[in-house]
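First up is the structure itself, then whatever we jot down about it.
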Amino acid sequence: MKEVRLHGRGGQGGVTSAELVAIAAIEEGKYAQAFPSFGPERRGAPVAAFIRVSDAPIRTREKVYHPDIVLVLDAALPQIVNVQAGMKDGGITILNSEMSEAEIREKFGLKGRLAIVDANKIAMEVLGLPITNTTMLGALLKATGIVGIEPLEAALEKRFGRLADKNKAALKRAYDETVITD
Amino acid sequence: MAKRVGIEVSIAIAEAVKLAQAEVVAAYPITPQTHIVEHLSELVADGELDAEFIPVESEHAALSTCCGSVAAGARTYTATSSQGLMLMSEVLYVASGMRLPIVMTVANRALSAPISIWNDHQDIMTQRDCGWIQTFAENGQEAVDLTLHAFRVAEDRKVSLPMIVNIDGFTLSHVIEPIELPDQADVDRYLPPFKPKYKLDPKKPISMGPVGIPEVYTEARMAHDQAIKNAKRWIIKAWDEFEEVFGRRYNPVEEYRTEDAEIVLVTMGSISETAMTAVDKMRDEGKKVGLLKIRLWRPFPGPEFRKAAKGAKVLAVVDRTLAPGASSGPVGEELRTVFYKVPGAPKIFNFIAGLGGRDVTVERFEEMVDKAASYAKKRPKELYEVIGVREK
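Quick mapping for you: the protein sequence lines, in order, are chains W and Y.
With this note's numbering applied, the first sequence corresponds to residues 1 to 182, in that order.
With this note's numbering applied, the second sequence corresponds to residues 1001 to 1392, in that order.
Written as structure tokens, this is what we have:
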């Protein structure tokens, strides 16, 4: 079972991202859960969402305390939230940032494997909005392969209708531009 | 063909209500509400469900509207949660006393104060004695299945009682997970049209809900009590039929790894899943631990529970509500009564856990089992214990 914790801000679409991954995994025949952190939702406040993907039925209703994968939608969040809290050994942290790996490690004290992509830039250029939730799914796919791209694209199409193409393009570009470092 | 989809549990419940072809949905549409009625309003607006969707000004009005529509012979559904259930309270007793078979989902959540929107069972336990049949779902699939089952049972002329399907707020209501949505033809086979024995009809006027003077009130309450007790066999029969049509089996009390178990955890609702994982872990460590999950809460299946618990030396009973000033939590109290003076009865220890959204983790279940084992040797001072309290 792979456990993902997603950090974003209220209104950035983190919960939607988590849902799309779970729907895609279930479509592939796997078992999955996606759920928000159930706080009083406020636009702009730090929020979390959780995903589990497994080959066997999932029998837990705990929050994710020990993620294999951490996905950070907002470049400034690691400054105020310990995004790597409780992370499993060998886990990977996926970040939206315009900074270099060295700068990120220096500034935020992040350890272990990192996957970095400038999702703000991609989202602005492709979608015309600094909303990075679907863009960052490209980074998640590249860094982890947690689901296949086809079922994820299908889930995007179902959710976004005529806006799906742009989101798919942003996802694809993030996939190509994500840099993974140990 | 039934199809397996990744879907939010609330949306799936709305789809189940659509499959049941509810004719009236009356609900208070804003907080504390779930996506269930939001999606039902979409289904009605889109013409996918041929029903009256009546958005009302309060939960009190919602359930009052449901009473009227079901009395007129329409298949009727509503949903609520937390403070909304509190506001319905008065009408809950009217609906059951008048034997009106409304089906309702309650997304179980804490009560204020302090203000909490998170999951526990405090809302529904205030309505323990409201005279509705009550089941608890453990996951999204069960939430869907128990919704269909509820229509089947409630509307059965041999039962004719309203029914609540409890699902954990957020922990189930807001989770995307794999659910098999039944096929319409199978649902039609399982669920016959609603044909009440009596209904409000201008061409054939009758009175419903008249005054119960002292000469009849006791007998009316007794009849209600007998009706809900008698309902148990029809509840179980409807699960038998459910298995025949849909292939999934449900029981009033579900057993998990109870063979040769000495210490048995007792749970209701979605924490049962985490409890199973905890039992697996403890079994791997050689501990003789099992789990009993109460699915049918009202009428309480006492004989079934005693049978399922046979051989257990200790029960660690989890309540998800705190009853201030009471001798124990409602589930703990129920089971102490069920086993009172029964020869060879297990020792019962009651734990209060998971209040107001606090996670009940595998470690917490292990803690409860360890505590129950030690209390079996040395009786504790208190009749219940709150688990997972922050010391600093």
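Idealized CB from N, CA, C, for every residue including glycine.
To the nearest angstrom, how far is it from the Cα of W/Glu98 to the Cα of W/Ala169? In the first sequence, residue 98 of chain W corresponds to position 98, counting from 1. In the first sequence, residue 169 of chain W corresponds to position 169, counting from 1. W/Glu98 and W/Ala169 have their C-alpha atoms roughly 19 Å apart.
Tell me the rounded alpha-carbon separation between Y/Val1245 and W/Ile26. Residue mapping note: residue 1245 of chain Y aligns to position 245 of the second sequence, counting from 1. Residue mapping note: residue 26 of chain W aligns to position 26 of the first sequence, counting from 1. Distance between the alpha carbons of Y/Val1245 and W/Ile26: 24 Å.
Would you check if there are 3 or more beta carbon pairs closer than 8 Å linking the region 1080 to 1088 of chain Y to the region 1177 to 1193 of chain Y? With a cut-off of 8 Å, the region 1177 to 1193 of chain Y and the region 1080 to 1088 of chain Y do not count as touching, because too few Cβ pairs lie within range.
Could you tell me if the beta carbon of Y/Ser1327 falls within a distance shorter than 7 Å of some heavy atom in the ligand PLP? The ligand PLP is not part of the structure shown, which contains no ligands of any sort.
Does the Cβ-Cβ distance between Y/Val1091 and Y/His1060 come in under 8 Å? Taking the second sequence and counting its residues from 1, one reaches residue 1091 of chain Y at position 91. Taking the second sequence and counting its residues from 1, one reaches residue 1060 of chain Y at position 60. Contact annotation: Y/Val1091 and Y/His1060 have beta-carbon atoms nearer than 8 Å.
Tell me Y/Leu1292's beta-bridge partners as DSSP assigns them. Here residue 1292 of chain Y refers to the residue found at position 292 of the second sequence. Under DSSP, Y/Leu1292 forms a beta bridge with Y/Glu1255 and Y/Val1266.
Environment of Y/Ile1011 [buried if 16+ CB atoms lie within 10 Å]: Translated into the one-based positions of the second sequence, residue 1011 of chain Y becomes position 11. Y/Ile1011 is buried by the Cβ-count criterion.
Beta-carbon neighbours of Y/Pro1114, restricted to chain W and to distances below 8 Å: Looking up residue 1114 of chain Y in the second sequence gives position 114. Result: empty, since nearest Cβ-Cβ is about 13 Å, beyond 8 Å.
What is the DSSP secondary structure of W/Leu71, counted as helix, strand or coil? Sequence index remark: in the first sequence, residue 71 of chain W carries index 71 (1-based). Strand at W/Leu71.
Grouping DSSP H, G and I as helix and E and B as strand, with all else coil, what is Y/Ala1061? Working through the second sequence from its first residue, we reach residue 1061 of chain Y at position 61. Reduced to three states, the DSSP call for Y/Ala1061 is helix.
Going by C-alpha distance, which of Y/Ala1026, Y/Val1037, Y/Met1088 and Y/Ser1096 is nearest Y/Arg1075? Within the second sequence, residue 1075 of chain Y is the residue found at index 75, counting from 1. With distances taken between Cα atoms, Y/Arg1075 lies closest to Y/Ala1026.
Sorted by chain position, which residues of the same chain lie with C-beta nearer than 7 Å to W/Ala123's C-beta, five sequence neighbours on each side aside? Taking the first residue of the first sequence as 1, we reach residue 123 of chain W at position 123. Once the five neighbours on either side are set aside, the close Cβ partners of W/Ala123 are Leu129, Pro130, Ile131, Thr132, Thr135 and Ala170.
Kindly indicate if chain Y contains any beta-carbon less than 8 Å away from that of W/Thr144. Against the first sequence, residue 144 of chain W aligns to sequence position 144. Chain Y, which has no Cβ nearer than 8 Å to the Cβ of W/Thr144, makes this no.
Name the residue from Y/Tyr1198, Y/Val1144 and Y/Ile1117 whose alpha carbon lies nearest to the alpha carbon of Y/Pro1182. Taking the second sequence and counting its residues from 1, the one referred to as residue 1182 of chain Y is at position 182. Of the candidates Y/Tyr1198, Y/Val1144 and Y/Ile1117, the one whose C-alpha sits nearest the C-alpha of Y/Pro1182 is Y/Val1144.
Where does W/Ile122 sit, in a helix, a strand or coil, going by DSSP? The residue you call residue 122 of chain W lines up with position 122 of the first sequence. Secondary structure of W/Ile122 (DSSP, three-state): helix.
Distance, Cα to Cα, Y/Lys1377 vs W/Val70? Walking along the second sequence from the start, residue 1377 of chain Y turns up at place 377. Walking along the first sequence from the start, residue 70 of chain W turns up at place 70. Straight-line Cα distance between these residues: approximately 45 Å.
Give the DSSP-derived three-state secondary structure of Y/Ser1327 in the structure shown. On the second sequence, position 327 is the one that residue 1327 of chain Y refers to. Y/Ser1327 falls in the coil class under three-state DSSP.
Closer than 7 Å by beta-carbon distance: list the chain W residues that pair up with Y/Thr1171, in chain order. Here residue 1171 of chain Y refers to the residue found at position 171 when the second sequence is read from its first residue. One finds Arg61 in chain W with Cβ atoms closer than 7 Å to the Cβ of Y/Thr1171, taken in chain order.
Can you list, in chain order, the residues of the region 1093 to 1113 of chain Y whose Cβ is nearer than 9 Å to any Cβ on chain W? Contact residues of the region 1093 to 1113 of chain Y toward chain W are absent (C-beta to C-beta distance below 9 Å).
Determine the chain W residues that contact Y/Ser1270 at a beta-carbon separation under 8 Å, and present them in chain order. For the purposes of this step, residue 1270 of chain Y is identified with residue 270 of the second sequence, where counting begins at 1. The contact set of Y/Ser1270 on chain W, defined by CB atoms closer than 8 Å, consists of Arg61 in chain order.
Can you name the residues of chain W whose CB is closer than 7 Å to the CB of Y/Asp1359? Residue 1359 of chain Y sits at position 359 when you count from the first residue of the second sequence. Under a criterion of Cβ atoms nearer than 7 Å, the residues of chain W adjacent to Y/Asp1359 are, in order, Glu62 and Lys63.
Assign W/Lys107 to buried or exposed, taking buried as 16 or more other Cβ atoms, counted over all protein chains shown, within 10 Å of its Cβ. To locate residue 107 of chain W, count along the first sequence from 1; it is residue 107. Result: exposed.
Please state whether DSSP places Y/Trp1297 in a helix, a strand or coil. On the second sequence, position 297 is the one that residue 1297 of chain Y refers to. DSSP places Y/Trp1297 in strand when its eight states are reduced to three.
Where in the region 1021 to 1077 of chain Y do unbroken runs of the beta strand (DSSP E), each at least 3 residues long, occur, reported from the N-terminal end onward? Considered as a whole, the region 1021 to 1077 of chain Y harbours 1024 to 1027 and 1052 to 1055 as its complete beta strand (DSSP E) runs of no fewer than 3 residues, in chain order.
Report, in whole angstroms, the separation of the C-beta atoms of W/Ile104 and W/Leu110, which I expect to be a contact under 8 Å. Residue mapping note: residue 104 of chain W aligns to position 104 of the first sequence, counting from 1. Residue mapping note: residue 110 of chain W aligns to position 110 of the first sequence, counting from 1. With a beta-carbon spacing of about 6 Å, W/Ile104 and W/Leu110 fall inside the 8 Å limit used to define contacts.
Less than 8 Å between CB atoms is the rule here; does Y/Glu1333 satisfy it with respect to chain W? Numbered from 1 along the second sequence, position 333 holds the residue referred to as residue 1333 of chain Y. Chain W contact via Cβ: absent.
Looking only at its chain, what residues have a beta carbon closer than 7 Å to the beta carbon of Y/Arg1128, apart from the 5 residues adjacent to it on each side? Within the second sequence, the letter at position 128 stands for residue 1128 of chain Y. Around Y/Arg1128, the same chain offers Pro1330 as residues with beta carbons nearer than 7 Å, after the five sequence neighbours per side are excluded.
Y/Met1104 beta carbon less than 8 Å from that of Y/Thr1078: For this step, residue 1078 of chain Y is matched to residue 78 along the second sequence. For this step, residue 1104 of chain Y is matched to residue 104 along the second sequence. Going by C-beta atoms, Y/Thr1078 is nearer than 8 Å to Y/Met1104.
Going by C-alpha distance, which of Y/Lys1310, Y/Arg1099, Y/Asn1350 and Y/Ser1160 is nearest Y/Arg1257? By 1-based counting over the second sequence, the position of residue 1257 of chain Y is 257. Among Y/Lys1310, Y/Arg1099, Y/Asn1350 and Y/Ser1160, the Cα nearest to that of Y/Arg1257 belongs to Y/Lys1310.
Give the interface partners of W/Glu19 over in chain Y, defined as CB-CB distance under 7 Å, in chain order. Residue 19 of chain W sits at position 19 when you count from the first residue of the first sequence. Simply Ile1176.
Can you tell me which of Y/Gln1184, Y/Ser1328 and Y/Ser1270 puts its alpha carbon nearest to the alpha carbon of Y/Val1017? Indexing the second sequence from 1 puts residue 1017 of chain Y at position 17. Of the candidates Y/Gln1184, Y/Ser1328 and Y/Ser1270, Y/Gln1184 places its Cα closest to the Cα of Y/Val1017.
Kindly give me the distance between the Cβ atoms of Y/Ala1107 and Y/Ile1167, rounded to whole angstroms, as I take these residues to be in contact under 8 Å. Residue numbering aside, residue 1107 of chain Y sits at position 107 when the second sequence is read from its first letter. Residue numbering aside, residue 1167 of chain Y sits at position 167 when the second sequence is read from its first letter. About 6 Å separates the two Cβ atoms, so the contact holds.
Using only the alpha-carbon positions, how far apart do Y/Ala1275 and Y/Val1360 sit? On the second sequence, position 275 is the one that residue 1275 of chain Y refers to. On the second sequence, position 360 is the one that residue 1360 of chain Y refers to. Distance between the alpha carbons of Y/Ala1275 and Y/Val1360 is about 9 Å.
Nearest-angstrom Cα distance between W/Asp118 and W/Arg173? The residue given as residue 118 of chain W occupies position 118 in the first sequence. The residue given as residue 173 of chain W occupies position 173 in the first sequence. Here the C-alpha atom of W/Asp118 lies approximately 10 Å from the C-alpha atom of W/Arg173.
With a cut-off of 8 Å, do at least 3 Cβ pairs link the region 1367 to 1384 of chain Y to the region 1293 to 1303 of chain Y? The region 1367 to 1384 of chain Y and the region 1293 to 1303 of chain Y do not touch, with fewer than 3 CB-CB distances between them shorter than 8 Å.
Other residues of its chain near Y/Ser1058: CB distance less than 7 Å, five sequence neighbours each side excluded: Counting from one through the second sequence, the residue named residue 1058 of chain Y turns up at place 58. A distance below 7 Å between beta-carbons, with the five flanking residues on each side excluded, links Y/Ser1058 to the following residues of its chain, in chain order: Tyr1028 and Leu1087.
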